[in-house]
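*Asks:*
Residue numbers (this note's numbering): 1 to 304.
1. Can you grab the Cα-Cα spacing for the pair residue 28 / residue 288, in whole Å?
2. On the three-state DSSP scale, how would you describe residue 216?
3. For my contact list, residue 207 and residue 170 are in at a C-beta cut-off of 8 Å; report their separation, rounded to the angstrom.
4. Please list, in chain order, all residues of the same chain as residue 71 whose beta carbon is under 7 Å from its beta carbon, the five residues on each side excluded.
5. Who are the Cβ neighbours of residue 235 in its own chain at under 8 Å, not counting the five residues just before and after it?
6. Distance check for residue 205 and residue 167, CA to CA, integer angstroms please.
7. Which residues in the same chain as residue 160 place their Cβ atom closer than 7 Å to its Cβ, once the five residues preceding and following it in sequence are excluded?
8. With distances taken Cα to Cα, identify the nearest neighbour of residue 266 among 10, 4, 22, 6.
9. Pull up the distance between the alpha-carbon of residue 271 and that of residue 277, whole angstroms please.
10. Between the alpha carbons of residue 39 and residue 247, how many angstroms are there, rounded?
11. Are there three or more Cβ pairs, one per stretch, closer than 8 Å when the stretch 139–154 is compared with the stretch 68–85?
12. Residue 157 to residue 10, Cα distance in whole Å?
13. Distance, Cα to Cα, residue 80 vs residue 228?
14. Which full runs of the beta strand (DSSP E) of 3+ residues lie inside the stretch 67–135, going along the chain?
15. For residue 162, which of helix, strand or coil comes out of DSSP?
16. Which partner residues of residue 148 appear in the DSSP bridge assignment?
17. Take residue 283 and list the residues in its own chain whose beta-carbon comes closer than 7 Å to its own, dropping the five residues that flank it on each side.
18. Quick check on residue 57: does DSSP put it in helix, strand or coil?
19. Using DSSP bridges, identify the partner residues of residue 157.
20. Can you tell me the Cα-Cα spacing of residue 218 and residue 164, whole angstroms?
21. For residue 233 and residue 242, which I take to be in contact (beta-carbon distance under 8 Å), what is that distance rounded to the nearest angstrom?
22. Rounded to whole angstroms, what is the Cα-Cα separation between residue 136 and residue 274?
23. Residue 213: buried (16+ other C-beta within 10 angstroms of its C-beta) or exposed?
24. Under 8 Å, with one C-beta from each stretch per pair, do the stretch 104–112 and the stretch 49–56 reach the 3-pair mark?
25. Quick check: is the beta carbon of residue 8 nearer than 8 Å to any beta carbon in chain C?
This is the structure in structure tokens:
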């Protein structure tokens, strides 16, 4: 089997951090020339579904704005309601009418206030400004690695490109978040049509938190871009090691299990995982298995 060129993406990295075994299920057996399976298409919770709806409608809105098509509040709400119904049908997810109506209202307000944020007024309020939007699946090649770290929007303003990452759901802060932000600059300098110097960029984040959009300035320079690249290379090296172990033993019996029970609750691979009846007990069984395995290996060596 010809293995796919190594890649780094936010989704892959976070899954790898949560559970090496789940990461191996998702990525270790991909072949060169075949498309990524990506994350499973079914949202795991209604909260996941609403985030996907918000991002889907947001991409539609940007596409139409790029073509100077105007959206009314009524049209926005209609598109949200239709997309929620479609995703609920596709996932066979059952929620009350009240919960659905509340979610539609919240998504509509979230998107309306996003357009009005000071960072995006240039896109939605001023004509003639240079800006472009990207899908997260767009990649560049960096040191032989497929890097998926595109900004959501790039705006040319005051002689620099502002790279903007939008987070529709704010989780707890993780050290990898700063890495993800700075890798946007690495992505941009490799992308055709963008400047090749870090001095030509700003990095900003728009994150939805407690009912409002919070704007954050991300400081970076050539030094922190190189540090981000070093961390990326370290991640990829660890992923390659995990992939080799998975290919050597497709049962995945020796790969580390999830870091916390929380990761297991919504895992798509739980039914076939040793931890389906409890993470702590599964780790104990795995520890005993590895001790037995090491003991057998030592016995084989001593006999020779």
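Ideal Cβ placement from N, Cα and C applies to all residues, glycine included.
*Replies:* Short version:
1. 25 Å
2. strand
3. For a cut-off of 8 Å, the C-beta gap from residue 207 to residue 170 is around 5 Å, short enough to register as a contact.
4. Within the same chain, residue 71 has close Cβ partners 61, 64.
5. 8, 13, 16
6. 8 Å
7. 200, 201, 202
8. 22
9. 9 Å
10. Low local confidence applies: a pLDDT of 48 at residue 39 is under 50, so the model's placement there is unreliable, and no value is given.
11. no
12. Take the alpha-carbon of residue 157 and the one of residue 10: they are about 27 Å apart.
13. Residue 80 and residue 228 have their alpha carbons spaced roughly 37 Å apart.
14. Scanning the stretch 67–135 for uninterrupted beta strand (DSSP E) segments of 3 residues or longer gives 130–133, listed from N- to C-terminal end.
15. strand
16. DSSP lists 9 as partners of residue 148.
17. 257
18. helix
19. 160
20. So the alpha carbons of these two residues sit roughly 10 Å apart.
21. Residue 233 to residue 242, Cβ: 15 Å. No contact.
22. Cα-Cα distance, rounded: 33 Å.
23. Around the beta-carbon of residue 213, 16 or more other beta-carbon atoms lie within 10 Å, marking it buried.
24. yes
25. The structure shown has no chain C; it contains just one protein chain.
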